[in-house]
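> Those letters in the sequence shown? Residues -17 to 210, per my numbering, in order.
Backbone N, C-alpha and C fix where the C-beta goes; we use that ideal spot for every residue, glycine too.
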Amino acid sequence: MKVIAGNFKSNLTRNASLQYLNALDSKLDSRICDNKQIYIFPSNTSLVQNNYKYITLGAQNCNDSNSGAFTGETSLLHLEEFDIDTILIGHSERRNLFFENDDICARKFNYFKNKNFRIFYCIGESLDVRKNNKYLQFLESQLKAIDTNYKNLIIAYEPIWAIGTGLNATLEQIGECVRYLRDISNAPIIYGGSVNENNSSDILKISDGVLVGSASLDVDKFYQIIKE
Ligand code: 13P
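1. State the DSSP-derived secondary structure class of L149, mapped to helix, strand or coil.
2. Check whether the Cβ atoms of V194 and A5 sit closer than 8 Å, and answer yes or no.
3. Could you name the residues of the same chain whose beta carbon sits closer than 6 Å to that of L109, not counting the 5 residues immediately before and after it, in chain order?
4. With a threshold of 7 Å (Cβ to nearest heavy atom), would G195 be considered close to the ligand 13P?
5. Among T(-5), I136, F23, which has the Cα closest to the Cα of L105?
6. Say yes only if the C-beta of L201 is nearer than 7 Å to one or more non-hydrogen atoms of the ligand 13P, and no if none qualify.
7. Across which residues does DSSP place N(-11) in a beta bridge pair?
8. Three-state secondary structure (DSSP) at F102?
9. According to DSSP, simplified to helix, strand and coil, what is A138?
10. With 16 as the cutoff for other CB atoms within 10 Å, does F52 come out buried or exposed?
11. Residues in the same chain with beta-carbon distance under 8 Å from K9, minus the five sequence neighbours each way, listed in chain order, please.
12. Which partner residues of A41 appear in the DSSP bridge assignment?
13. Enumerate, from N- to C-terminal direction, the unbroken alpha helix (DSSP H) stretches of 4 or more residues contained entirely within the stretch 177 to 201.
14. Could you spell out where the alpha helix (DSSP H) holding Y93 opens and where it closes?
15. Taking only three categories from DSSP, how would you classify I128?
16. So is the beta-carbon of E140 under 7 Å away from any non-hydrogen atom of the ligand 13P?
17. Answer with buried or exposed for D65, where buried requires no fewer than 16 other C-beta atoms within 10 angstroms of its C-beta.
18. Output the distance between the C-alpha atoms of S183 and R76, rounded to the nearest integer angstrom.
19. If you follow the alpha helix (DSSP H) that Y2 is part of, which residue opens it and which one closes it?
20. Is Y173 helix, strand or coil by DSSP?
21. Here's the rule I'm using: 16 or more other beta-carbon atoms within 10 Å means buried, otherwise exposed. How should G148 be labelled?
22. Less than 7 Å separating the Cβ of I185 from some heavy atom of the ligand 13P?
23. Between which two residues does the alpha helix (DSSP H) containing N17 stretch?
24. With distances taken Cα to Cα, identify the nearest neighbour of N178 among K209, Q42, S(-1), S167.
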C-alpha cells in the first residue's frame, strides 16, 4: 500500500480546490488507485464534505479543542462537520513559522489520537543538523513524545532543506532515514520535499509514500504521480 498525499498549504482558493478535487476524482479509477491511498490537504477554508470516491480529505492544522475561545483557529467540531478524520501535525512550516515545538505537536497528537484520527506526523532536520551529521538522532528525538505504535499513524519525513527548494534529498539519503525510522515504528514512512512527477516513482520504491507540496497544485502533475 502506498500513500500519495498532496499538501496545498495556503494555495488554491475554495473554488480552485473544488474544481481540482472534482477533476482529480473523476480522472481516477479503481485500477489506478489499486493499493494506493490518495489524500489531499486543502487549506481549512477550502474543506468540503469528505465523500470523494478515491480521495480522502485531511486538515493541514487544527486546534486541539472541541470548540471554544481560540480566535483564528479551527477546532474539532469544524472538521467533524465535514467528516474529516485525517490531520497533518508537525509540518516544519508550523514548527518554524508558527512556533509549534515538540510539546505542542505532541499535545495535538494526543488529542487527535484520542479522537481516533489518522495522523500524518511530520518530522525533518534543518540543513545545519544535516551538516552536523546528527540527523538520525534528531529525527528520533522528534518522535520521543508521541506514541509511535499508534495504529493510525503515518510518519512523514520531510527534510526542511528539501522543502520548496527544488532540492530533493538523494535516494540514498531518503533510504537511510526511511530504514532508520522503520526500526523505530511500524507506521508507514513517507517522504516529502520537492517531490514531483519525475522523481516520485523512484522515491516510492524506497518509501511507503510521498507528501507532495508544489507539484500537487497542478492536477495533471499530481495525477501523473498517482499513476506512476
Ligand atoms: P514541496 O513539495 O513544495 O517541496 O513541499 C513539500 C511539503 O512541505 C509537503 O508537506
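In brief:
1. coil
2. no
3. W143
4. yes
5. Here residue 105 turns out to be Ile, not Leu, going by the sequence shown. It is I136 whose Cα lies nearest to the Cα of I105.
6. Leu is not the amino acid found at residue 201; the sequence shown has Val there. Flag unset: Cβ of V201 not near the ligand 13P.
7. F23
8. strand
9. strand
10. exposed
11. V201, Y205
12. I69
13. 182 to 188
14. 84 to 96
15. coil
16. yes
17. exposed
18. 28 Å
19. -4 to 9
20. strand
21. exposed
22. no
23. Here N17 belongs to no alpha helix (DSSP H), and DSSP marks it neither H nor E.
24. K209
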